[in-house]
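Below: the structure, in structure tokens.
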Amino acid sequence: MRICSALMLRPLLSIFLVLALLSGCGGGTPIRPGDDGETMAEALNLSELAAAYNDGNYNSVINSPRVDNLPLREQALQNFFHLSAQLHTEPLAITESQFIEIEPQLLPLRYQLEYQLDYAIFIKASDAGKALQLLNRPTVSTNALREQPQLFAKFFRLRAEINNQMGLSTAAANDYIRREQFLKRDDQIAANQITLWMLLSQLPQEELDGIILGERSPTIQGWADLIAITRELTRFPDELSEQIALWKRRYPEHPSQEALIEDLLERSQKLVLQPKQIAVLLPLSGSYAKAAAALRDGILTSYLADPQMDEIRLNFYDTAANPDAIETIFQRAINDGAEFILGPLNKKVVQKMNAISGDYSIPMLSLNLTGDVIHEGSYQFSLSPEGEAINAANRAWHEGYSRVSMLLPENRLGKRMAQAFRKQWDAYGGTIANEAYYNPKLNDFATPIKRMLDINRSEARRKTLRRILGEKFEYTPRRREDIELIFLSAQPRQARIIKPQLRFHHAADIPVIASSHLYTGKPDRQLDRDMNGILFEDMPWNIRKTEFSKANTHLNKKYSGQLKRLVAMGIDSYQIIPLLPILNAYPNELYQGESGQLSLNEKNQIERKLSWSQFKRGTPRQVKDFIYVEPTIDDEKMDETSVQ
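My numbering runs 38 ahead of the 1-based position in the sequence shown.
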């Protein structure tokens with residue numbers, strides 16, 4: 039009987055010692071060798087493994103040998119430690135089957151949650167819906183786990199990221215709000231609130247209005263309302279201060295930190311640029327006259343809608359008559375009293391302007407990009423095709439694609455877009471399956487399409503077989519199967535031909551993502567139905583009914599294509615002037631413009647994030663955009679002193 043009791047007790051003692059360590063006990067009963075040295079050695083091995091894992095020493099976990107023939111619970115723990123450590127250090131080497139092999143119910147409650155978090159992290163890029171289902175299992179909501187606030191903070195951040203990935207921005211925002219109860223230090227709460235602000239500030243105004251009017255939670259209502267107020271009134275310091283005071287009365291219990299409110303008021307009072315006279319330098323005659331006219335109409339539209347219009351004067355200067363005389367024009371504008379320079383447009387003229395503007399203190403916004411270093415107070419803005427290629431790469435990657443082919447025009451535009459897309463895709467670690475270029479002047483693009491799909495090789499095999507067999511036979515060409523997505527840049531005429539030809543060449547099931555160039559800016563169900571299914575990016579001015587576009591329908595009728603987009607650029611170039619110093623001082627700050635969501639990079643160049651639509655029945659239908667939010671807090675580094 040005594041022998042039998044001892045044999046039963048040792049495995050139980052082994053498990054008890056391991057679980058005591060796993061529960062986070064700092065000290066512990068020393069492990070004393072028993073009669074069964076082999077069992078005790080296994081216990082020590084797993085205890086050391088647990089200690090290394092809890093300390094974040096993942097390389098030690100990975101390098102430690104696995105012990106065979108452990109009891110089921112200990113085996114599950116060992117497998118979990120190795121898998122989780124590998125996820126932290128070598129995520130690309132993991133397969134989903136490794137998660138499936140572990141039975142999470144065999145793990146202690148804390149590690150059941152960690153298992154679900156790890157599993158969700160692993161699959162969220164490829165299957166966000168499944169990741170969300172994992173996180174919504176009952177285990178993660180049990181009150182017994184509230185003693186692990188660090189894990190709950192990580193849980194709500196991860197679920198927020200996945201909700202955001204699925205286009206559920208309001209749900210994501212509510213998760214960041216819930217996350218705050220598991221944070222105690224002011225810096226952590228501030229970082230969480232900044233992340234929440236960054237998320238909500240990227241929403242279109244109509245979505246913010248929906249939150250303000252439709253959500254039951256006063257916390258998220260208050261955040262949306264505060265963002266809407268600052269979005270509208272930042273350039274008017276007195277009105278902003280007045281409205282924020284009213285906001286505080288509407289939301290007296292709102293958790294926003296006072297430092298954030300003070301910062302909003304301070305940046306409005308100290309950084310807003312308020313020039314009383316603006317010189318607009320455009321090539322109003324010559325070969326760029328049409329583009330300049332579209333920009334001018336956008337600038338004037340914005341100016342006429344400005345509540346401070348009576349206090350601001352616009353002067354237009356034609357730079358086309360003598361482009362070499364830009365210094366003379368620039369000096370004349372300053373002599374006329376200009377406090378801000380908007381323009382010029384022509385790239386060579388912009389370069390000449392940059393060379394001389396450093397001698398003056400006047401701020402300026404050029405309407406083209408150069409590779410030059412520009413002086414402080416100078417900014418640049420353009421409808422860059424490279425920016426569109428980068429946007430497309432971002433969208434594709436965050437939707438879970440990794441192998442992409444490119445189909446682009448064989449010209450300078452196509453080469454520029456290919457280079458930008460490739461650079462961004464390489465940075466993510468994606469693979470360019472191949473690149474194909476077409477002659478934009480032709481009406482048949484079968485040759486580059488077949489080359490891209492590798493159908494040429496399939497047809498060559500058919501010819502070889504026919505020659506060998508000496509007889510005809512039924513044959514269906516086969517395309518390569520490793521292309522997950524096609525990135526397309528094409529004008530409307532070309533895109534209306536390319537999409538049906540892709541279908542003809544057995545590629546109807548490959549999704550197509552495209553730049554804005556394929557859309558005229560005016561719905562045409564009859565002509566555009568051939569582009570059904572294509573996901574494309576474009577500016578809000580073209581694909582959403584914004585307040586500006588609804589109030590200026592005459593401009594939509596007057597312009598189309600790229601000229602219509604230049605109108606929106608003109609609107610934004612005027613609207614953004616007061617906010618340029620704020621965008622410069624706060625890299626995460628955004629401006630919701632007609633030409634896109636605008637921000638300023640480290641080169642003082644305005645970058646655009648565009649909206650997305652998909653052709654359905656010949657009509658662009660807006661698609662929810664993925665909102666990227668840079669994490670501002672590292673859950674792995676939260677210690678127990680930082681939580682409630």
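No residue lacks a Cβ here, since even glycine has one placed at the ideal position from N, Cα and C.
Is the beta carbon of residue j closer than 8 Å to that of residue i?
{"i": "G425", "j": "R254", "result": "no"}
{"i": "F483", "j": "I536", "result": "yes"}
{"i": "S306", "j": "P275", "result": "yes"}
{"i": "S553", "j": "A427", "result": "yes"}
{"i": "Q532", "j": "G656", "result": "no"}
{"i": "V318", "j": "L380", "result": "yes"}
{"i": "S164", "j": "G438", "result": "yes"}
{"i": "A158", "j": "I200", "result": "yes"}
{"i": "L84", "j": "E112", "result": "yes"}
{"i": "M455", "j": "P423", "result": "yes"}
{"i": "L237", "j": "A211", "result": "yes"}
{"i": "T23", "j": "L284", "result": "Residue numbering for the chain in the displayed model covers 39 to 682; residue 23 lies beyond these limits and cannot be assessed."}
{"i": "S527", "j": "D576", "result": "no"}
{"i": "H126", "j": "Y96", "result": "yes"}
{"i": "P382", "j": "L405", "result": "yes"}
{"i": "K654", "j": "N570", "result": "yes"}
{"i": "R197", "j": "D213", "result": "yes"}
{"i": "I350", "j": "I316", "result": "yes"}
{"i": "F574", "j": "Y557", "result": "yes"}
{"i": "F525", "j": "I548", "result": "no"}
{"i": "A623", "j": "L264", "result": "no"}
I think residue i touches residue j, with their Cβ atoms under 8 Å apart; what is that distance to the nearest whole Å?
{"i": "Q203", "j": "F664", "result": "6 Å"}
{"i": "Q116", "j": "I100", "result": "With a Cβ gap of about 12 Å, Q116 and I100 do not count as contacting."}
{"i": "T339", "j": "I609", "result": "6 Å"}
{"i": "S443", "j": "A465", "result": "Going by Cβ atoms, the distance from S443 to A465 rounds to 18 Å, so no, they are not a contact pair."}
{"i": "Q635", "j": "I581", "result": "That belief does not hold up - the Cβ atoms of Q635 and I581 are roughly 13 Å apart, past 8 Å."}
{"i": "F16", "j": "R370", "result": "The chain is shown from 39 up to 682; residue 16 falls before or after that span and cannot be answered."}
{"i": "A114", "j": "L145", "result": "6 Å"}
{"i": "E244", "j": "S207", "result": "Contact flag wrong, Cβ pair sits at about 12 Å."}
Relative to the C-alpha of residue i, which candidate in the options has its C-alpha closest?
{"i": "H544", "options": "A297, P515, S395, S420", "result": "P515"}
{"i": "K602", "options": "N83, G336, L115", "result": "G336"}
{"i": "G559", "options": "P538, I572, K595", "result": "K595"}
{"i": "D410", "options": "V388, D247, R495", "result": "V388"}
{"i": "P486", "options": "N494, A474, L480", "result": "A474"}
{"i": "I394", "options": "F419, G375, N384, T366", "result": "T366"}
{"i": "H592", "options": "F190, I265, A332, G452", "result": "A332"}
{"i": "Q630", "options": "F194, A266, L110", "result": "A266"}
{"i": "E448", "options": "Q529, G599, Y398, E585", "result": "Q529"}
Quick one: residues in its chain with C-beta nearer than 8 Å to the C-beta of residue i, no 5 flanking neighbours on either side, listed in chain order?
{"i": "L311", "result": "F378, P401, I615, P616, L617, L618, P619"}
{"i": "T408", "result": "K385, V388, Q389, N392, Q418"}
{"i": "G260", "result": "W285, R288, Y289, H292, S294"}
{"i": "A228", "result": "Q295, A297, L298"}
For the beta strand (DSSP E) containing residue i, list its first residue and its last residue.
{"i": "K654", "result": "649-654"}
{"i": "Y417", "result": "416-418"}
{"i": "N353", "result": "351-356"}
{"i": "M402", "result": "402-404"}
{"i": "L556", "result": "No beta strand (DSSP E) holds L556; DSSP gives it neither H nor E."}
{"i": "V105", "result": "Segment: none, V105 is in no beta strand (DSSP E) and carries neither H nor E."}
{"i": "P658", "result": "657-661"}
{"i": "D576", "result": "573-576"}
{"i": "M444", "result": "441-447"}
{"i": "E139", "result": "Element bounds for E139: n/a, residue is neither H nor E."}
What residue does the alpha helix (DSSP H) around residue i start on, and which one ends it?
{"i": "T584", "result": "Taken as a continuous stretch (DSSP letters only), T584 belongs to no alpha helix (DSSP H), as it is neither H nor E."}
{"i": "M391", "result": "385-395"}
{"i": "Y96", "result": "96-101"}
{"i": "V605", "result": "599-613"}
{"i": "E300", "result": "296-309"}
{"i": "L540", "result": "530-542"}
{"i": "A169", "result": "166-173"}
Please go through the same chain and pick out, in chain order, the residues whose beta-carbon is closer than 6 Å to the beta-carbon of residue i, but skip the five residues on each side of it.
{"i": "T67", "result": "For T67, the predicted model reports a pLDDT of 33, less than 50, meaning its position is unreliable; a value from the coordinates is still stated below. Hits under 6 Å: none found."}
{"i": "R148", "result": "Q186"}
{"i": "S122", "result": "D156"}
{"i": "V667", "result": "T233, M236, L237"}
{"i": "K662", "result": "G205"}
{"i": "R441", "result": "T469, A471, D520, E522"}
Quick one: what's got a C-beta closer than 7 Å to residue i's C-beta in the same chain, skipping five residues either side?
{"i": "L491", "result": "R517, R518, H543, A545"}
{"i": "S323", "result": "D356, A358, A359"}
{"i": "A169", "result": "A158, I161, K162, I200"}
{"i": "L87", "result": "V99, S102, Q116, F119"}
{"i": "T257", "result": "I215, H292, P293"}
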